[in-house]
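In our numbering, the protein residues as written are 793 to 1377. For every residue, glycine included, the Cβ atom is placed at its ideal position computed from N, Cα and C. These numbers come from a predicted model, not from an experiment. Data first, discussion second: the structure below is written as structure tokens.
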Amino acid sequence: MRTKIRTKLIGVTSIILCISLLLSGFFTYYYVTRIIREQSIQDSLIKLSQNALQLRRIQEQTREIAEYIIVDSEIQNLIQQETPLDMEESYFHKLDVQERLKKFTALNDYIMNIVIIRSDGEVFSNKSGYAEYFSSYQEQPWFRQMRVPDSGMRFSVSHESYFVNRLHPAISYVVPYKRIGEEEPAAVNTLIIDIKYNQLVSTMEQSLGNYDRIMLLNRLGQTLYDSDKGEIPAQALQLPEDGQELPEWEENADYLNIYNRSMLEDWVQVAVISKDKLFAKLKSILVFYVLILTFSLILTLSLMLPFVSRMIRPLSRMVSAMRRVSEGDLSSQVSIKSGDELEILGDGFNRMVKQLQEHVQLSVENEEAKRDMQVKLLMAQINPHFIYNTLNSVIYLSHANRSSEAVDITRSLIGLLQESIHRGDHAFFSTLGEEIRIANRYIDIQAIRYPERFQVIWEIEEGLEQAQMPKMILQPIIENALFHGICSEYRTELGYIRISAQRADDSMELTIADNGKGMQPEQLQRLASMQGKQKSSSENQGIGLANIRERIHYHYGKHYDLTIASGPGQGTRVTVRIPLQPAKL
């Protein structure tokens, strides 16, 4: 199936436009995605740094408070007595330590409890009546983990601690220490500072709205804080392993993991960002871009269609003109005034068609002249052939001392020639009635030469006398019937020639049948192959028939023809079929 050039142009342009817009959209999307990701990472790093700054401040303040307490000689002297104290003295010492420790909790509202456990298990704190409870710290898992040698940890994991007469979550800062100047290795005291866990939570939750999940881990990977609400699958979280070099951020197919390790004791913040949420705005931008792409394509096609149609219109006119030329209309011309190559092409087409028209006209004229010469040549063959046979008859009669009959033949010949010789269109065509008159004159001539040897029977359908037909059709066939059929040998039987003319649909069939000696199959085949060929004098029988066949083919085409049916001793039947309409010259 052929595709119009306009469709091809629009299709190719649409494809190029779509590919260009898609590529630009892809690179824009990729570029914007990268910018958004990098910007989000930078923003997250800044926010995590801000969190880390606050957490580090809490860590540093807690450590400083612990150092103040440890180096406070008055507190240490009250805790560590050289001589045993009675119960009352011990009570007042503890009360004095309690008052001094309360100063630190009063100045730092994030501190819940400050506890000192002396090496012998005696407990001092900022609260009275909780000695036994604080002593139980030593049996809790979080505390035992802090006493592991070389752990390097000071801050515990989250646990519960009494504050304002009820349990609250807390993180404890634990420092084992010896009294300054103390040389006894076993005499190790333990300072415990309970920090409000909510203080840490409030710091972490300041930036929670920016992330899908945020965590705080200690150096062992234990969770100090986790905002997880079950929305993030476990495999999406990539936690650092112990000793692993930690990057600033990592990503997988669905999430971004951002890390911060700028706090004391290798605390690590892990923030998880869903790419779906991160690029949610970008998706709306992408939808908007698709709409722009569709609108641009429709707008481009709307603007292109008139332009392409205007550009293709000259080509369409030229194609239509070419089709008309291919159908034989050589008068087709195109008028293209585009001022470009199409105008040059149109002018070239017009010149080509004009030259082709002139060439065809010249060829037609040459062909008509050639065919006219051929017809004249064919007619020139008929007349000498007929005259040759007639003069033979005159010579025969003269030798037989039948001069009066020779004179009659000569007169008939003169009359026949007067009727058969015409100029113009009448040189090639006549009516059936005229052909019958010519044939009768010829029959009169031959009846003188061959008296009582043959009889001619006419059977002409009424109304066919005015039918047009090529000239000199009947006479040569009758001549062949006489000389090569009936009179070619002596016979006692009367010969007859039956000539009929009748309609057959839109044609006329002329039949000339004789009861002569007929022809052998070889002779019949030789006559059928004589068309267009000049034969020797021994084959004069075929000259007239071949001449008639060629003229019928020339005037009417090969659909109309002359046919011969014959057999030894069966006579010969010649049928001529021509149309009942004027023929071309």
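| Check | Outcome |
| --- | --- |
| Can you tell me where the alpha helix (DSSP H) with R1233 in it begins and where it stops? | L1224 to R1241 |
| On a CA-only basis, which of T1202, S1054 and I1304 is nearest L845? Give me that one, please. | S1054 |
| Is the CB-CB distance between E1040 and L847 below 9 Å? | no |
| So within the segment 1247-1322, which uninterrupted beta strand (DSSP E) runs reach at least 3 residues, ignoring any that extend past its ends? | 1260-1262, 1287-1296 and 1299-1306 |
| For the pair the segment 1135-1145 and the segment 1110-1119, tell me if three or more CB-CB distances fall below 8 Å. | yes |
| I think Y1003 touches V1064, with their Cβ atoms under 8 Å apart; what is that distance to the nearest whole Å? | 6 Å |
| Helix, strand or coil: which one does DSSP assign to L1038? | coil |
| Assign Q846 to one of three DSSP states: helix, strand, or coil. | helix |
| Of the residues W934, S911 and T995, which one's Cα is nearest the Cα of E952? | W934 |
| Tell me, which residues are paired with P961 by DSSP? | E952 |
| The alpha helix (DSSP H) that contains M904, what's its start and end? | Unbroken run through M904 is the beta strand (DSSP E), I903 to I909; no alpha helix (DSSP H). |
| Are the CB atoms of L1266 and E1301 nearer to each other than 9 Å? | no |
| Put D1046 into one of helix, strand or coil per three-state DSSP. | coil |
| Is A1273 buried or exposed, if buried means 16 or more other CB atoms sit within 10 Å of its CB? | buried |
| DSSP three-state call for L988: helix, strand or coil? | The sequence given here places Lys at residue 988; Leu does not occur at that position. Strand, per DSSP. |
| Under 8 Å Cβ to Cβ from S1088, same chain only, skipping five residues before and after it: list those, please. | L809 and L813 |
| In whole angstroms, what separates the C-alpha of D835 from that of D1046? | 19 Å |
| For D1018, which of helix, strand or coil comes out of DSSP? | strand |
| How big is the Cα-Cα spacing for V1186 and D1297? | 43 Å |
| Measure the Cβ-Cβ separation of S964 and I984 and say whether it is below 9 Å. | yes |
| What residue from E880, S1358, T854 and I871 has the CA that sits closest to I908's CA? | I871 |
| Just how far apart, CA to CA, sit M1311 and F1275? | 13 Å |
| Cα-Cα, which of I1291, K1309 and V1368 is closest to G1361? | K1309 |
| Check this for me: beta carbons of R1241 and Y1288, under 9 Å apart or not? | no |
| Rounded to the nearest angstrom, what separates R1369 and L1286 at their Cα positions? | 28 Å |
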